[in-house]
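Using my numbering, read the sequence shown as starting at 133 and increasing by one per residue. All C-beta atoms in this analysis are idealised placements derived from N, C-alpha and C, irrespective of residue type, glycine included.
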Amino acid sequence: MARGRFISFEGIDGAGKSTQHAWLVQYLRDRGRAVVATREPGGTPLGEKLRSLLLAEPMHLETEALLMFAARREHIAQVIEPALARGDWVICDRFVDASFAYQGGGRGLDWEKIKDLADWVLGDLEPDLTLIFDAPVAIAQQRLHASTANPDRFEQEQADFFEKVRAAYIRIARENPNRVRLIDATQTPAAINKSLENIIAIL
């Protein structure tokens, strides 16, 4: 059986990636694809417990990174690799690029430390396609404040934090042109949907 496809969604909080994640999952299912919709941190019972800690509890930045990768290792072993082996498409709301963007860009953790963790935890696994939804921080924060009544620990960060995260995502897109597509998240939802249709058609 042919290996499935692995697509990750990325972007700063409020950029609209989760809305588009749900749209693409349904779009693919409507066309007969077997799709596993998942997220990080989370995706497994253990991962969801770690997610609760990561989004609520203050911690050292290296502890944060290690817990993210612990949840990711479980996610890969229990969900992602089995699904790909079955020939399913895996559509993941955040993956390893989020660690480089948030812990590396936002928190200032050495990217080489994150790369060492990624090499250990991921091995040869990487998404076939990563969609980074990009929007100015002011627009993303306006959307976030309008839609989120109880912001988590990351969503409560200040604008300068998200500027650093956004810059890290743009760096990731620049350094990985064969895997990453940068999506203008200020477009209308319909325009973004059309862009995704075109991208998926050639995957």
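Run of the beta strand (DSSP E) containing residue i, from where it starts to where it stops
i    : result
T262 : 261-266
S140 : 138-143
D316 : 312-316
Local Cβ density within 10 Å of residue i, reported as buried at 16 or more and exposed below that
i    : result
L335 : exposed
H207 : buried
A270 : exposed
A272 : buried
R135 : exposed
E142 : buried
A147 : buried
Q152 : buried
Contact belief for residue i with residue j at Cβ below 8 Å, rounded distance in angstroms
i    : j    : result
S150 : P259 : The Cβ separation is near 17 Å, so there is no contact.
A323 : L314 : Not really, about 15 Å apart at Cβ, beyond 8 Å.
R205 : V253 : 5 Å
I182 : A203 : Just to set this straight, residue 182 is Leu in the shown sequence, not Ile. Sure, about 4 Å apart at Cβ, within 8 Å.
E287 : T280 : 6 Å
Q235 : A197 : 5 Å
Cα-Cα separation between residue i and residue j, rounded to whole angstroms
i    : j    : result
R218 : E172 : 21 Å
A169 : G175 : 9 Å
R163 : Q319 : 25 Å
P190 : N282 : 16 Å
R161 : D251 : 32 Å
H277 : D284 : 12 Å
A317 : P177 : 31 Å
D220 : R165 : 7 Å
K245 : K296 : 18 Å
I332 : M200 : 28 Å
List in chain order: all unbroken beta strand (DSSP E) runs of 3+ residues lying wholly within the segment 159-183. Within the segment 159-183, complete beta strand (DSSP E) segments of at least 3 residues are found at 167-171, given in chain order.
Beta strand (DSSP E) runs wholly inside the segment 199-254, at least 3 long, in chain order: Runs of the beta strand (DSSP E) inside the segment 199-254: 221-225.
Runs of 3 residues minimum, wholly inside the segment 270-334: which ones carry the beta strand (DSSP E) assignment? Note on the segment 270-334: whole beta strand (DSSP E) runs with a minimum of 3 residues are 312-316, in chain order.
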